[in-house]
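Residue numbers (our numbering), protein chains in the order written: chain A, 3 to 115; chain B, 37 to 150.
Here a beta-carbon is modelled for each residue, glycine too, at the ideal position from N, C-alpha and C.
Worksheet for the structure shown next.
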Amino acid sequence: KQEVTQIPAALSVPEGENLVLNCSFTDSAIYNLQWFRQDPGKGLTSLLLIQSSQREQTSGRLNASLDKSSGRSTLYIAASQPGDSATYLCAVINAGNNRKLIWGLGTSLGVNP
Amino acid sequence: DAGVTQSPTHLIKTRGQQVTLRCSPISGHKSVSWYQQVLGQGPQFIFQYYEKEERGRGNFPDRFSARQFPNYSSELNVNALLLGDSALYLCASGMVGGTPDTQYFGPGTRLTVL
Numbered sequence: 003k004q005e006v007t008q009i010p011a012a013l014s015v016p017e018g019e020n021l022v023l024n025c026s027f028t029d030s031a032i033y034n035l036q037w038f039r040q041d042p043g044k045g046l047t048s049l050l051l052i053q054s055s056q057r058e059q060t061s062g063r064l065n066a067s068l069d070k071s072s073g074r075s076t077l078y079i080a081a082s083q084p085g086d087s088a089t090y091l092c093a094v095i096n097a098g099n100n101r102k103l104i105w106g107l108g109t110s111l112g113v114n115p
Numbered sequence: 037d038a039g040v041t042q043s044p045t046h047l048i049k050t051r052g053q054q055v056t057l058r059c060s061p062i063s064g065h066k067s068v069s070w071y072q073q074v075l076g077q078g079p080q081f082i083f084q085y086y087e088k089e090e091r092g093r094g095n096f097p098d099r100f101s102a103r104q105f106p107n108y109s110s111e112l113n114v115n116a117l118l119l120g121d122s123a124l125y126l127c128a129s130g131m132v133g134g135t136p137d138t139q140y141f142g143p144g145t146r147l148t149v150l
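Take a look at the structure:
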């Protein structure tokens with residue numbers, strides 16, 4: 003059974019710092035991995051999607067990497083800003099016909115001005 | 037182009053009542069998935085529909101049901117509401133088989149059961 007774990011559960015950093023959020027999964031037979039952002043009480047915003055054949059994806063100050071063999075992904079945020087404060091969730095889709103997302107519990111990020 | 041829309045945004049019900057939540061996918065998307073997110077937890081998969089057929093079902097009781105209409109919109113029904121059903125209900129649309137298979141989420145419906 004696929005399990006997704008995110009470390010740390012919470013993180014507080016000063017503005018301008020570079021940071022790394024970690025996601026690990028137990029079954030390497032994934033279709034893809036997706037990183038999301040969730041603001042308090044709000045829905046989910048897709049940040050980056052990495053296909054199982056890819057190693058990384060970049061969007062602006064965000065870079066996500068994927069190491070399928072070790073069951074790990076990282077989300078790198080460069081030059082953090084107070085507006086980056088949110089909960090970051092990673093989710094995997096297992097290979098197969100069912101495209102359901104399996105989620106971690108998220109990392110709550112606070113960026114202090 | 038409009039994103040995924042959900043209605044209503046907020047809902048308050050009492051135990052034992054029934055509720056219907058609605059979702060409209062992004063134009064051109066044929067897949068709709070439903071997730072339940074309890075406060076402080078990650079979302080839990082409830083259902084996925086593709087081309088009006090159920091593609092997957094999560095570990096939820098039979099009180100939860102859903103359907104997808106010919107225009108690909110979807111409804112989630114929950115009968116005999118319990119306090120534990122209070123959560124944010126999220127709908128996501130995607131193009132099964134498309135590349136990349138990104139899931140796009142709506143803003144969610146916040147259900148409170150008293």
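With distances taken from CA atoms, which of B/GLY92, B/VAL68, B/ARG51 is nearest B/CYS59? Counted from its first residue, the second sequence places residue 59 of chain B at position 23. Nearest of B/GLY92, B/VAL68, B/ARG51 to B/CYS59, Cα basis: B/VAL68.
At a CB distance below 9 Å, what residues from the segment 40 to 69 of chain B approach chain A? Give them in sequence order. Those residues of the segment 40 to 69 of chain B that come within reach of chain A (Cβ to Cβ, closer than 9 Å) are VAL40, GLN42, SER67, SER69.
Suppose you measure from the CA of B/PHE83 to the CA of A/ARG39; what does that come to, to the nearest Å? Position 47 of the second sequence, counting from 1, holds the residue named residue 83 of chain B. Position 37 of the first sequence, counting from 1, holds the residue named residue 39 of chain A. Each residue's alpha carbon lies about 22 Å from the other.
Find out if the Cβ-Cβ distance for the pair A/GLN59, A/THR28 is shorter than 8 Å. For the purposes of this step, residue 59 of chain A is identified with residue 57 of the first sequence, where counting begins at 1. For the purposes of this step, residue 28 of chain A is identified with residue 26 of the first sequence, where counting begins at 1. No, the Cβ-Cβ distance between A/GLN59 and A/THR28 is not below 8 Å.
Beta-bridge partners of B/LYS49, as assigned by DSSP: As a position in the second sequence, residue 49 of chain B is number 13, starting the count at 1. In the DSSP output, where bridge partners are listed per residue, B/LYS49 has B/VAL149.
Tell me which residues share the same chain as A/GLU19 and place their Cβ nearer than 7 Å to its Cβ, disregarding the 5 neighbours each side in the sequence. By one-based count along the first sequence, residue 19 of chain A stands at place 17. Taken in chain order, the residues that qualify are SER82.
Sorted by chain position, which residues of the same chain lie with C-beta nearer than 8 Å to B/THR148's C-beta, five sequence neighbours on each side aside? The residue labelled residue 148 of chain B in the question sits at position 112 within the second sequence. Cβ neighbours of B/THR148 beyond the five flanking positions: HIS46, LEU47, ILE48, LYS49, SER122.
Sorted by chain position, which residues of the same chain lie with C-beta nearer than 7 Å to B/GLY144's C-beta, five sequence neighbours on each side aside? For the purposes of this step, residue 144 of chain B is identified with residue 108 of the second sequence, where counting begins at 1. Contacts found: GLN42, LEU124, TYR125, LEU126.
Would A/GLY85 be called buried (16 or more neighbouring beta carbons within 10 Å of its own) or exposed? Looking up residue 85 of chain A in the first sequence gives position 83. A/GLY85 is exposed by the Cβ-count criterion.
Beta carbon proximity, A/SER48 to chain B, threshold 8 Å: Along the first sequence, one-based indexing puts residue 48 of chain A at 46. True, the Cβ-Cβ gap to chain B drops below 8 Å.
Counting only beta-carbon separations shorter than 8 Å, does B/GLY134 have a partner in chain A? Residue mapping note: residue 134 of chain B aligns to position 98 of the second sequence, counting from 1. Because B/GLY134 sits at a pLDDT of 49, beneath the cut-off of 50, its placement in the model cannot be relied upon, and the point is left open.
Kindly list, in the order they appear in chain B, the residues whose Cβ is closer than 8 Å to that of A/GLN4. For the purposes of this step, residue 4 of chain A is identified with residue 2 of the first sequence, where counting begins at 1. In chain order: nothing, as chain B lies at least about 11 Å away.
Are the C-beta atoms of B/THR138 and some chain A residue less than 8 Å apart? By one-based count along the second sequence, residue 138 of chain B stands at place 102. So, interface residue.
Please identify the residue among B/GLY120, B/GLY92, B/PRO79 whose C-alpha is closest to the C-alpha of B/ARG51. By 1-based counting over the second sequence, the position of residue 51 of chain B is 15. The shortest Cα separation from B/ARG51 among B/GLY120, B/GLY92, B/PRO79 belongs to B/GLY120.
From A/GLY62 to A/CYS92, what does the alpha carbon distance come to, in whole angstroms? As a working mapping, residue 62 of chain A is identified with position 60 in the first sequence. As a working mapping, residue 92 of chain A is identified with position 90 in the first sequence. Distance between the alpha carbons of A/GLY62 and A/CYS92 is about 18 Å.
Measure the CB-CB distance between A/GLN36 and A/GLY106 and report whether it falls below 8 Å. If you number the first sequence from 1, residue 36 of chain A lands on position 34. If you number the first sequence from 1, residue 106 of chain A lands on position 104. With respect to A/GLY106, A/GLN36 sits apart: the two C-beta atoms are not nearer than 8 Å.
Please classify A/THR109 as buried or exposed, where buried requires at least 16 neighbouring CB atoms within 10 angstroms. Here residue 109 of chain A refers to the residue found at position 107 of the first sequence. Looking at its Cβ environment, which holds 16 or more other Cβ atoms inside 10 Å, A/THR109 is buried.
Chain-ordered residues of the segment 39 to 65 of chain A with a beta carbon less than 8 Å from chain B: From the segment 39 to 65 of chain A, only GLY43, LYS44, GLY45, LEU46, THR47, SER48, LEU51, GLN53 have a Cβ closer than 8 Å to chain B.
Counterpart residues of B/SER175 in DSSP-defined beta bridges: For residue 175 of chain B there is no data in the structure shown, the boundaries of chain B being 37 and 150.
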